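>
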Amino acid sequence: MDKNILFNIVLGTMIVSTVAVLSSLGEVRLDVYVSMYTLEYFVAKAVLRPRRRFFDILGLALFLVFSIIVCFRVWEILQA
Amino acid sequence: MDKLNILGACLTVFATVLTIWSYLFLSNIPLTALGVGLIVLGVSFILTPTHPIPPHTVRALLEGATLNIEALLEELNISNRGYYVRAADERVYVLIPIGRDAGPPSREFEVKGLIAKNNDRRYLIVIPPSSEIIQVEEVSKAGFNDALSYVLVDLTELAESVETSSGERFIVKVKKPRGYLTSLRFRNVLGSLEASIAASLLAKMYGVVRIVNEVDEGYERIITLEVF
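Chains as they are written, first to last, in my numbering: chain A, 1 to 80; chain B, 1001 to 1228.
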């Protein structure tokens, strides 16, 4: 199978599984879901190395959001 | 725009509406998270090229390009090992000594016709099959190891993995090489496809390079390159 298509299938499966598992555990923090998506995206990308039409803006966006989430968490810890 | 991209665009639009609706009106975080996830998936679909040139096609084109060079080398009965040289126009050429090999050429040579005169020595000028591939943006900005890995593993799938080390000479270990060359003289003069690509990349970075030798050890090909 074409690795580009395989990447999207794997990513889709991981995202749906994440939502199913975390929601069944009663998770209501959106940042946990987004962090998991970021992790899954980069893991799938590192393993399958899909091609991109142009610069990977999705990877950049996820990384930026993940960085902001981490900054907020660190800030919360420092405030406590 | 084809089916996969249309699917991606539709998924992104639907997921955006779902995310906003479930967050603002339903206050349902798992459903919002599902929406965000679908946005990620939709954008990923949009970013996916649907008709990339398959690696085996690129490989076949490269292998086909060797046949012309093979015919030329046969006709001129040339069997000296060539030097990969980056010329003033930033393109990499292979300069093959005609007659006795009296050492590497200097980088200042005129690219005009088939024969170049350099320090009173004559060289046959050949453009290696990988000369244009190494000009692509992903390769030109990367270091030697990353660039070689991109071309041999990702772009052409000529190898499973690549490992490079530098010292007095550059050593390239190519795991499970898949290049298939019927052109024996090409292999003697310009090296295997994997070695030719490695030498072209190194010449683009350092100027003048020669393939010292290539050894197949089990599933691995060890290429030794010398920079002048």
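Just so you know, even glycine gets a beta-carbon here, dropped at the ideal spot from N, CA and C.
Remember, it's a predicted structure, so these values are computed and weren't measured experimentally.
Given that a residue counts as buried once 16 or more other Cβ atoms are within 10 Å of its Cβ, and exposed if not, what is A1088 of chain B?
In the second sequence, counting from the first residue as 1, residue 1088 of chain B sits at position 88. That one is exposed.
> Assuming the contact rule is C-beta atoms closer than 8 Å, T1019 of chain B and V1043 of chain B should be a hit. Round their C-beta distance to whole Å, please.
In the second sequence, counting from the first residue as 1, residue 1019 of chain B sits at position 19. In the second sequence, counting from the first residue as 1, residue 1043 of chain B sits at position 43. Contact doesn't hold; Cβ gap of about 13 Å is too wide.
> Once DSSP output is grouped into helix, strand and coil, what is the label at D1146 of chain B?
Working through the second sequence from its first residue, we reach residue 1146 of chain B at position 146. Helix, per DSSP.
> Return no unless some Cβ of chain B is closer than 9 Å to the Cβ of L23 of chain A.
Numbered from its first residue, the first sequence carries residue 23 of chain A at position 23. One point to set straight first is that residue 23 of chain A is Ser, not Leu, in the sequence displayed. It does: the Cβ of S23 of chain A has a partner Cβ on chain B nearer than 9 Å.
> Assign T18 of chain A to buried or exposed, taking buried as 16 or more other Cβ atoms, counted over all protein chains shown, within 10 Å of its Cβ.
In the first sequence, counting from the first residue as 1, residue 18 of chain A sits at position 18. Answer is buried; the Cβ neighbour count reaches 16.
> Which chain A residues are close to D1002 of chain B, counting only those with a beta carbon under 8 Å from its beta carbon?
In the second sequence, residue 1002 of chain B corresponds to position 2, counting from 1. None at all; the shortest Cβ gap to chain A is about 12 Å.
> Keeping to the same chain, check which residues put their C-beta closer than 6 Å to that of V1172 of chain B; ignore five residues upstream and five downstream.
Position 172 of the second sequence, counting from 1, holds the residue named residue 1172 of chain B. Answer for V1172 of chain B: T1164, A1198 and I1223, listed in chain order.
> Determine contact between the segment 1143 to 1156 of chain B and the segment 1030 to 1047 of chain B, defined as no fewer than three beta-carbon pairs at a distance below 8 Å.
Too few Cβ pairs lie closer than 8 Å, so no.
> So, with DSSP's three-state summary, where would you put N1118 of chain B?
Walking along the second sequence from the start, residue 1118 of chain B turns up at place 118. Strand.
> Evaluate R1221 of chain B with the Cβ neighbour count: other Cβ atoms within 10 Å of its Cβ, from every protein chain shown; 16 or more gives buried, anything less gives exposed.
Translated into the one-based positions of the second sequence, residue 1221 of chain B becomes position 221. By the 10 Å Cβ count, R1221 of chain B comes out buried.
> Compute the distance between the beta-carbons of A1033 of chain B and S24 of chain A, then report whether it is under 9 Å.
Numbered from 1 along the second sequence, position 33 holds the residue referred to as residue 1033 of chain B. Numbered from 1 along the first sequence, position 24 holds the residue referred to as residue 24 of chain A. No. Outside cutoff.
> Quick check: what's the CA-CA separation for V1151 of chain B versus K1204 of chain B?
The residue you call residue 1151 of chain B lines up with position 151 of the second sequence. The residue you call residue 1204 of chain B lines up with position 204 of the second sequence. Computed Cα separation, rounded: 14 Å.
> With 9 Å set as the bound, which would you pick, yes or no: does the beta-carbon of R52 of chain A sit closer than that to a beta-carbon of chain B?
Residue mapping note: residue 52 of chain A aligns to position 52 of the first sequence, counting from 1. Answer yes: the Cβ-Cβ gap between R52 of chain A and chain B drops below 9 Å somewhere.
> Cutting at 6 Å between CB atoms, please list the residues of its own chain near V1209 of chain B, excluding the five before and the five after it.
For the purposes of this step, residue 1209 of chain B is taken as residue 209 along the second sequence, with counting starting at 1. If we look at V1209 of chain B and ignore the five residues flanking it on each side, its Cβ neighbours are Y1084, A1199, L1202, A1203, L1225 and V1227.
> Quick one: what does DSSP say P1104 of chain B is sitting in, helix, strand or coil?
The sequence position of residue 1104 of chain B within the second sequence is 104, counting from 1. It is coil, neither helix nor strand.
> Below 8 Å on the Cβ atoms is my contact criterion, and I expect K1175 of chain B with E1160 of chain B to pass it. Report the Cβ-Cβ distance as a whole number of Å.
Start at 1 with the first residue of the second sequence, and residue 1175 of chain B comes out as number 175. Start at 1 with the first residue of the second sequence, and residue 1160 of chain B comes out as number 160. Their Cβ separation, rounded to whole angstroms, is 5 Å, which keeps K1175 of chain B and E1160 of chain B in contact under 8 Å.
> Counting only the same chain and skipping the five closest in sequence on each side, list residues whose C-beta sits under 6 Å from that of N1005 of chain B.
Against the second sequence, residue 1005 of chain B aligns to sequence position 5. Around N1005 of chain B: I1046.
> On the premise that P1049 of chain B lies in contact with R49 of chain A, defined as a C-beta separation below 8 Å, what is that separation, rounded to the nearest angstrom?
On the first sequence, residue 49 of chain A is found 49 positions in, with the first residue counted as 1. On the second sequence, residue 1049 of chain B is found 49 positions in, with the first residue counted as 1. At roughly 13 Å, the Cβ-Cβ gap does not stay under 8 Å, so R49 of chain A and P1049 of chain B are not in contact.
> Taking 9 Å as the CB-CB limit, is R49 of chain A close to chain B?
Within the first sequence, numbered from 1, the residue matching residue 49 of chain A stands at position 49. Yes, because at least one Cβ of chain B sits closer than 9 Å to the Cβ of R49 of chain A.
> Pull up the distance between the alpha-carbon of F1170 of chain B and that of A1147 of chain B, whole angstroms please.
What you label residue 1170 of chain B is simply residue 170 of the second sequence in a count that begins at 1. What you label residue 1147 of chain B is simply residue 147 of the second sequence in a count that begins at 1. Going from the Cα of F1170 of chain B to the Cα of A1147 of chain B covers about 15 Å.
> Is the distance from the Cβ of G1179 of chain B to the Cβ of L1193 of chain B below 9 Å?
Here residue 1179 of chain B refers to the residue found at position 179 when the second sequence is read from its first residue. Here residue 1193 of chain B refers to the residue found at position 193 when the second sequence is read from its first residue. Yes, the pair counts as a contact, with Cβ atoms nearer than the cut-off.
> Take every Cβ of the segment 1058 to 1067 of chain B, pair it with every Cβ of the segment 1127 to 1138 of chain B, and state whether three or more of those distances are shorter than 8 Å.
Short answer: they touch.
> What residues in its chain sit with their C-beta under 7 Å from that of L1007 of chain B, if we drop five residues either side in the sequence?
Residue 1007 of chain B sits at position 7 when you count from the first residue of the second sequence. For L1007 of chain B, where only same-chain residues beyond five positions count, the Cβ hits under 7 Å are F1045.
> So who's on the other strand from K1175 of chain B, going by DSSP bridges?
Locating residue 1175 of chain B in the second sequence gives position 175, where the first residue counts as 1. In the DSSP output, where bridge partners are listed per residue, K1175 of chain B has B:S1161 and B:E1220.
> So, is E40 of chain A buried or exposed, given that buried needs 16 or more other C-beta atoms within 10 angstroms?
Against the first sequence, residue 40 of chain A aligns to sequence position 40. Classification for E40 of chain A: buried.
> Do you know offhand how far L62 of chain A's Cα is from T38 of chain A's?
Counting from one through the first sequence, the residue named residue 62 of chain A turns up at place 62. Counting from one through the first sequence, the residue named residue 38 of chain A turns up at place 38. Going by the C-alpha atoms only, they are around 6 Å apart.
> Does chain B have any CB closer than 9 Å to the CB of L58 of chain A?
Your numbering for residue 58 of chain A matches position 58 in the first sequence. L58 of chain A counts as touching chain B.
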